[in-house]
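Taking it in order: structure first as structure tokens, then the write-up.
Protein chains: 2
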Amino acid sequence: MDFFEKKISSKTIYSGKVLTLQVDDVKLPNGNTASREVVRHNGGVSVVAIDEDKNLLLVRQYRYPYGENLLEIPAGKLEKGEDPELCGIRELREETGYEAGNFKFLAEFYPTPGYTDERLYIFTAENLTYKGQKLDADEFLSVQRIPLEKAVEMCFNGEIKDAKSVIGILMYNKNNS
Amino acid sequence: MDFFEKKISSKTIYSGKVLTLQVDDVKLPNGNTASREVVRHNGGVSVVAIDEDKNLLLVRQYRYPYGENLLEIPAGKLEKGEDPELCGIRELREETGYEAGNFKFLAEFYPTPGYTDERLYIFTAENLTYKGQKLDADEFLSVQRIPLEKAVEMCFNGEIKDAKSVIGILMYNKNNS
């Protein structure tokens, strides 16, 4: 059974570099009205990159909202209208220095559908060749190689907490074990 | 290697029912300054609930940011300071009508760490007994029972796209197969 909420009005509260916040009034299926706080985002792309020894390439970086350094698969934001595959190839090269002989779509997911419209795409990258990292001047991260089996363990024991990384690692592992 | 961004100033742009938006200025590791758009959120709890026939309980509901009806594991928002386990037990009962004889922590994850501080907790619920659904007057969802193996397939073919659901289903399946 499908439900629907009809937009009555929409107000843009903030429009920034990363996100836009809108607060909309909607009509519910029972005719009542409700307010919806919505973060609009261009979406992101992430990459499960595996070397010939079945090591995963992960990046460790400071994530300001949590005040923690997190271990994640390489990723970046989409520009409006950008092709996710090209974005993933670019981000993998910039953050880790690698290009892939084999670059394939793995999954698309919705990180937290209660309040954001962000779509996250995951690709797999294999047959890697090192060409040199190309970080922005204001981008700080360190690259780590972790055996795939160990990375799966780290998803279960909470050492890897980032959703795109957990989903990418568990899906890749199930497809390749 | 760890990095750090030091807060210089913080401005609250919006404070709503679901989220608060802040825009902060920070000092980067190289001494430059940058702006950080941060969604503050109390966090959420979700439940992988499995009946005696290895069916998963899923809820289908309209998600306004995407304009789609999504299939998800039962879930709800935390009140400030609320215990995640009690929240999970309450949400499972309200949305599906079930209480669990066995309710256990499965995972904690960060849905999209670039711009939100939301923490999502996942529990597993087994030995289910039906006590009656308790939906709010303005809450619309339908409950579906789907065999665990089929739900795993639906994560891979994109029929289930919600992050907490994909992570919960893949983790539960790996622990129980």
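Protein chains in written order, with our numbering: chain A, 1 to 177; chain B, 1001 to 1177.
By construction, the Cβ of each residue, glycine as well, lies at the ideal position given by its N, Cα and C atoms.
Can you have a look at residue i and say buried or exposed, based on whether 16 or more other CB atoms are within 10 angstroms of its CB?
i	result
GLU1079/B	exposed
SER1046/B	buried
LYS164/A	buried
GLU159/A	exposed
GLY182/A	Nothing can be reported for residue 182/A, as the shown portion of chain A is limited to 1 through 177.
LYS161/A	buried
THR12/A	exposed
LEU92/A	buried
GLU5/A	buried
Residue i versus chain B: which residues are under 9 Å apart at the beta carbon?
i	result
PHE3/A	ARG1060, GLN1061, TYR1062, ASN1069, PHE1140, LEU1141 and SER1142
MET171/A	CYS1155, PHE1156, VAL1166 and LEU1170
LYS17/A	SER1035 and GLU1037
Which bits of chain A does residue i rub up against, with CB to CB less than 9 Å?
i	result
LYS1161/B	ALA107, GLU108, PHE109, TYR110, PRO113 and ARG119
Throw me the rounded Cβ distance for the residue i and residue j pair, which I believe falls under 8 Å.
i	j	result
THR124/A	GLU99/A	Wrong, their Cβ atoms sit about 14 Å apart, outside the cutoff.
ARG1060/B	PRO113/A	With 8 Å as the limit, ARG1060/B and PRO113/A do not qualify as a contact, their Cβ atoms being about 12 Å apart.
HIS41/A	ASP117/A	6 Å
GLU1108/B	ARG1090/B	Incorrect: roughly 18 Å between the Cβ atoms, too far for contact.
ILE122/A	VAL18/A	No, ILE122/A and VAL18/A are not in contact; Cβ-Cβ is about 20 Å, not under 8 Å.
GLN1133/B	LEU1058/B	That belief does not hold up - the Cβ atoms of GLN1133/B and LEU1058/B are roughly 14 Å apart, past 8 Å.
VAL1152/B	ILE1169/B	6 Å
Tell me whether residue i, by its Cβ, gets closer than 6 Å to a heavy atom of the ligand GDP.
i	result
GLU91/A	The ligand GDP is not among the ligands present in this structure, which contains no ligands whatsoever.
Have a look at the options and flag the residue whose alpha-carbon is nearest the alpha-carbon of residue i.
i	options	result
ASN1127/B	THR1116/B, ALA1075/B, LYS1104/B and ASP1083/B	LYS1104/B
LYS7/A	ASN1175/B, TYR1066/B, LYS1150/B and CYS1087/B	TYR1066/B
ASP2/A	ASN1176/B, TYR1172/B, SER1142/B and ILE1146/B	SER1142/B
GLU1052/B	ASN1175/B, LEU1106/B, CYS1155/B and GLY1101/B	GLY1101/B
LEU1056/B	GLY1043/B, ASN1069/B and PRO1074/B	PRO1074/B
GLU1068/B	GLY81/A, GLU94/A, THR33/A and TYR110/A	TYR110/A
Just to make sure I have the definition right: I need the residues of chain B whose C-beta is within less than 7 Å of the C-beta of residue i. Which are they?
i	result
ALA34/A	ASP1138
What is the rounded straight-line gap between the Cα of residue i and the Cα of residue j?
i	j	result
GLU1072/B	ASN1157/B	15 Å
LYS27/A	ARG36/A	10 Å
VAL23/A	ASP1024/B	21 Å
VAL1038/B	TYR1115/B	5 Å
LYS1077/B	LYS131/A	45 Å
SER177/A	ILE146/A	17 Å
GLY43/A	THR1020/B	20 Å
CYS87/A	GLY16/A	21 Å
TYR172/A	THR33/A	43 Å
What in chain A is Cβ-close to residue i, meaning under 8 Å?
i	result
ILE1013/B	ILE13, TYR14 and LEU21
In chain B, what lies closer than 8 Å to residue i by C-beta?
i	result
VAL26/A	TYR1064
THR129/A	Near THR129/A there are no residues of chain B at all, since even the closest Cβ is about 25 Å away, more than 8 Å.
Against residue i, what residues of chain A qualify as contacts under a CB-to-CB distance less than 7 Å, listed in chain order?
i	result
PRO1029/B	PHE140
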